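Working notes, beginning with the structure itself.
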Amino acid sequence: MFFHVCRLRSDQRGAVNVIMGVLLVPLIGALGIGFEVSNWSMRTRGMQNAADAAALAAATNNGSNYDVEAKAVAARYGFLDGAGNISVTVSNSAACPGGGNTCYSATISGYVPLYLSQVVGYRGDATLNGGPAKQIGAASVAKRPSAPTDFCLLALGSQGIRSNGAPKASMACNAMSNTGSTCNGGNLGAPIGAAHNTNNGCGVTQYSNVPAVSDSYAALASKIPPDPCSSYPQEPTKKKDPALPASNRWSGSQSLGGTFVVCGDLQLTGNVSIDAPAGAVLVIENGQLDTNGYAFTTTKGTGLTVVFSGDNSGSYTHGPTGGGTLDIAAPASGTWSGVAIYQDPKLTSGVDISAAGNSPAWDITGLVYLPNSSVTLSGAVNKAGFGKSCFAMVVKDITVNGTGMILPNGECIPAGLSMPSTTIPGRATLVL
């Protein structure tokens, strides 16, 4: 008996089981923590991907339903707001890293239950369905694109931009309508075509629902000098009509100093070269500039703005007419910087142009401002002989026919013209 007791006392074969039993608790706890942390990490990473996508969607949408769009995107990632303890919060007034509160944020939060980590006493930081849980979440901030897009063609009126069967039209610059655009048989060749409402086929890259472009040039009307005219001679249309006075018929070299006013029609009787200081203004009151088959040209170093003003009696034409060529370079500085032709925005009658770029041909550097004019562009617009490669046109409505063409721009900054521009909604970028 004593022998068996001694042998039992010296027997250590069960010690390993005891040690393993003692170590099993922390081992299970460690495995549990590893499992829980891995689960939290995977879940958080999924939330972060969803938050990034939701913030980008909100910033890209930029409308009154930005939050609806963002939450719909989060739901496609498996995070439905209000379901399964998931919360999705979206804001359009988040702080931007560079200052201001114009960024868009998306925050996704939720809870995950605890399992094996409880073995080591971890109880989490929340309660879910009566049991311990841990709150996890992710947030993202995005901003809208901020670089504005310049346009060489801006239509302000209800008909916007129209083209029918003009497969060879080539704008070579961007076109924008503050209403809608419709192009059939060709996209105008414009790199970007944009419309405040719907754009149907205008532009290589097409945008709809673009913010309208403000008409910053209308304010220049206040710089037009008062009308000094007592009469407005017009070109004769009948044999009995009186001829234009000599002061209204130009040929050869014309020197203009500062502001020069012509009362009534101005008709060329030969090629005209304008020699004037940069910043000269030619105002035509209640009359047209009839090139009459000749060239109207600004010389090297000259910057000229041709202004059409007057009243809306209906008997006057306020714009360029006739065959020949308009070769005008706008001033690169001063009050009329970058403006080549300017129709007074108060004019609503006698302002339409039916053969722009063709009759006469347009070789123009600068802005052609025709805010109440319905224009048909039928020819090519090139730069002035002594001007930069810069052209922009603001009209009421425009129809582009046949081979209507605006040659490439690229030198409007040195030409002194601030182009019509707006920010096109595009792909937003993450900032936080």
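Under my numbering, the residues of the sequence shown are numbered 868 to 1299, in order. Where a beta carbon is used, it is the ideal one built from N, C-alpha and C, also for glycine. The structure presented is a predicted model; accordingly, all values stated were derived computationally and were not measured.
Among residues of its own chain, excluding the 5 on either side of residue i, which ones have a beta-carbon nearer than 8 Å to its beta-carbon?
i: VAL1071; result: ASN1054, GLY1056, ALA1057, PRO1058, ILE1059 and GLY1060
i: LEU1237; result: GLY1186, ILE1208, GLN1210, VAL1218, ILE1220, MET1260, VAL1261, VAL1262 and LYS1263
i: LEU875; result: Low confidence applies to LEU875: its pLDDT is 49, below 50, so where it sits in the model is not reliable enough to give any reading.
i: SER1288; result: PRO1015, THR1016, ASP1017, PHE1018 and VAL1080
i: ARG910; result: GLY977, VAL979 and ILE1003
i: PRO1109; result: PRO1100 and PRO1103
Any idea what DSSP makes of residue i, helix, strand or coil?
i: LEU875; result: With a pLDDT of 49 at LEU875, under the threshold of 50, the modelled position of this residue cannot be trusted; read the value that follows with caution. Residue state, collapsed to three classes: helix.
i: ASP1178; result: coil
i: THR911; result: helix
i: SER1285; result: coil
i: ASN916; result: helix
i: LEU981; result: coil
i: SER1241; result: strand
i: LYS938; result: helix
i: THR1065; result: coil
i: GLY1271; result: coil
i: GLY1125; result: coil
i: ALA1147; result: strand
i: SER1216; result: coil
i: ARG943; result: helix
i: ALA1086; result: helix
i: TYR933; result: helix
i: THR1290; result: coil
i: GLU1169; result: The sequence given here has Thr at residue 1169, not Glu. It is coil, neither helix nor strand.
i: SER1037; result: strand
i: VAL904; result: helix
i: ALA1295; result: coil
i: ALA1162; result: strand
i: LEU1023; result: coil
i: SER976; result: strand
i: LEU923; result: helix
Apart from the five residues just before and just after residue i, which ones in its own chain have a Cβ nearer than 7 Å to its Cβ?
i: GLY1068; result: THR1049, CYS1050, ASN1051 and ASN1054
i: ASP1132; result: PRO1100, GLN1101, GLU1102, LEU1111, ASN1115, GLY1154, GLN1155 and ASP1157
i: GLY1137; result: SER1118, GLY1119 and TYR1161
i: ALA961; result: ASN968, CYS970, TYR971, SER972 and VAL1008
i: ASN929; result: ARG1011 and PRO1292
i: ALA1143; result: SER1122, LEU1123, GLY1124, THR1169 and LEU1171
i: LEU947; result: ILE953
Under the assumption that residue i contacts residue j (Cβ atoms under 8 Å), give the Cβ distance between them as a whole number of angstroms.
i: ALA1367; j: GLY1233; result: A query on residue 1367 cannot be resolved here, the shown segment of the chain reaching from 868 to 1299 and no further.
i: ASN1239; j: PRO1212; result: 7 Å
i: SER1044; j: LEU1297; result: That pair is no contact at about 32 Å.
i: ALA1295; j: THR927; result: 5 Å
i: THR1126; j: PRO1092; result: 6 Å
Between which residues of its own chain and residue i is the CB-CB distance below 6 Å, once the five residues before and five after are set aside?
i: MET1286; result: ASP1017, ALA1259 and CYS1279
i: PHE808; result: Because the chain spans 868 through 1299 in this model, residue 808 falls outside it and cannot be assessed.
i: CYS1257; result: THR1232, ASN1276, GLU1278, CYS1279, ALA1282 and LEU1284
i: LEU1020; result: ALA1042 and MET1260
i: SER954; result: SER976
i: ASN1031; result: ASN1051
i: VAL1248; result: GLY1224, TRP1229, PHE1258 and ILE1273
i: THR1290; result: PRO1015
i: GLY1024; result: LYS1263 and ASP1264
i: SER1037; result: GLY1056 and MET1272
i: CYS1130; result: CYS1096, TYR1099 and GLU1152
State yes or no: is the C-beta of residue i within less than 8 Å of the C-beta of residue j?
i: ASN1299; j: GLY1271; result: Strictly speaking, residue 1299 in this sequence is Leu, with Asn absent from that position. Their beta carbons are not under 8 Å apart, which means LEU1299 does not touch GLY1271 by this criterion.
i: ALA1197; j: GLY1168; result: no
i: TYR971; j: ALA922; result: yes
i: THR1202; j: LYS1090; result: yes
i: ALA918; j: ALA993; result: no
i: ALA939; j: ILE1265; result: no
i: LEU1087; j: VAL1235; result: no
i: ASN959; j: ALA925; result: yes
i: CYS963; j: LYS1010; result: yes
i: VAL1300; j: VAL1174; result: Any answer about residue 1300 is impossible in this case: the structure gives the chain only from 868 up to 1299.
i: GLN1073; j: ASN1064; result: no
i: ASN1159; j: LEU1123; result: no
i: LEU1171; j: ALA1147; result: yes
i: GLY1246; j: LEU1214; result: no
i: LEU995; j: TYR989; result: no
i: ALA942; j: VAL957; result: no
i: ASN906; j: TYR944; result: no
i: ASP1194; j: ALA1113; result: no
i: SER1083; j: ALA1062; result: no
Count the CB pairs spanning the region 1226-1239 and the region 1181-1197 that are closer than 8 Å, and state whether there are at least three. yes
Just checking, does the region 1117-1125 make contact with the region 1087-1096 on the three C-beta pairs under 8 Å criterion? no
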